[in-house]
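Take a look at the structure below.
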Amino acid sequence: MKRPGHSSRQRERTELTRALLIQSAEKIFARDGFEAAKLEEIAADAGYTRGAFYANFKNKEDLFFALLEREVSSRIEKVRSKMDKFHDPAAKLRALRAFLLDMCLDRRWSLLALEFKLFAVRHPEVKARLAAMNRRFAASRASVLHNVMEGLGRHLPASANAVGMSLSALSNGLTLEHMLDRTVMPEDDVKKIMANFFDSLTG
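-12 is the number of the first residue of the sequence shown in our numbering; add one for each residue after it.
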């Protein structure tokens, strides 16, 4: 018979193992790329064996989805927290704008997201799972945007989903060009273009 606290401690250990594997995966994926990253190296970096990896994740794709879930959920929570500090809709919009501009040059994450999307579109099962997750996160992001625009009495030129996705796509694309050649796409210009695009969409 298990002791009362045994299940709780086991759950805590499992959660810690998963968290450390995800943390190591982000580092190895960013360094080597998603497809080149080796499971053994991710597990070793986290202080575990390959067996511990498979006790927590089915495969490398499953691990990336866990990383994606953590990253996007964290971003949505952060932007909601920043906007909740204000009651005035115009101030909320400024907070959202500032957050997006701060995030638009996250080079490591932009590169990972773009690489995994390219991988997903070539693998139907991964594509279906990523599309489903994308829709869920897009709905949360669209809700934030819709509520602030409603508070301002303004209308978006397209659906909140499409506007949110456009902002994300432009940010990733500009960041990629910035990483390729900073003389052609300097950081200041990335932010100016993102700011102007955001302003044109939100009125």
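Even glycine gets a Cβ: it sits at the ideal position worked out from N, Cα and C.
For residue i, three-class secondary structure by DSSP
| i | result |
| --- | --- |
| R0 | helix |
| A23 | coil |
| K114 | helix |
| T189 | helix |
| K45 | coil |
| K72 | coil |
| G34 | coil |
Whole-angstrom distance between residue j and residue i, CA atom to CA atom
| i | j | result |
| --- | --- | --- |
| A77 | F51 | 36 angstroms |
| L154 | N134 | 17 angstroms |
| L26 | K45 | 11 angstroms |
| A125 | E(-1) | 30 angstroms |
| R81 | K69 | 10 angstroms |
| E164 | H74 | 37 angstroms |
| M(-12) | S(-5) | Here the model assigns M(-12) a pLDDT of 49, short of 50, so the residue's position is not dependable, and the following value carries that caveat. Whole-angstrom Cα-Cα distance: 14 angstroms. |
| R128 | M136 | 13 angstroms |
| D168 | T1 | 42 angstroms |
| K178 | M166 | 14 angstroms |
| A147 | F103 | 24 angstroms |
| Y41 | D71 | 40 angstroms |
| A53 | R122 | 16 angstroms |
Residue-chain proximity (residue i, chain D), Cβ-Cβ < 8 angstroms
| i | result |
| --- | --- |
| V108 | Of the chains in the structure shown, none is chain D; there is only one protein chain. |
Beta carbon of residue i nearer than 8 angstroms to that of residue j
| i | j | result |
| --- | --- | --- |
| L212 | V150 | No answer is possible for residue 212: it lies beyond the span of the chain, which begins at -12 and ends at 190. |
| G140 | K79 | no |
| T162 | S97 | yes |
| L99 | M181 | no |
| V108 | L83 | no |
| S31 | L7 | Here residue 31 turns out to be Ala, not Ser, going by the sequence shown. Cβ atoms of A31 and L7: not closer than 8 angstroms. |
| A23 | K47 | no |
| R116 | A17 | no |
| F184 | L157 | yes |
Exercise. What residue ranges within the stretch 129 to 183 form continuous alpha helix (DSSP H) runs of no fewer than 4 residues, ordered along the chain?
Worked result: Fully contained in the stretch 129 to 183 are the following alpha helix (DSSP H) runs of length 4 or more, in chain order: 147 to 167.
Problem set entry | the stretch 5 to 14 touching the stretch 47 to 59, judged by at least three CB pairs closer than 8 angstroms | The stretch 5 to 14, when compared against the stretch 47 to 59, does touch it at the 8 angstroms Cβ threshold.
For this session: Identify every run of the alpha helix (DSSP H) within the stretch 89 to 114, keeping only runs that are complete inside it and at least 4 residues long; order them along the chain.
Result: The qualifying runs are 94 to 108.
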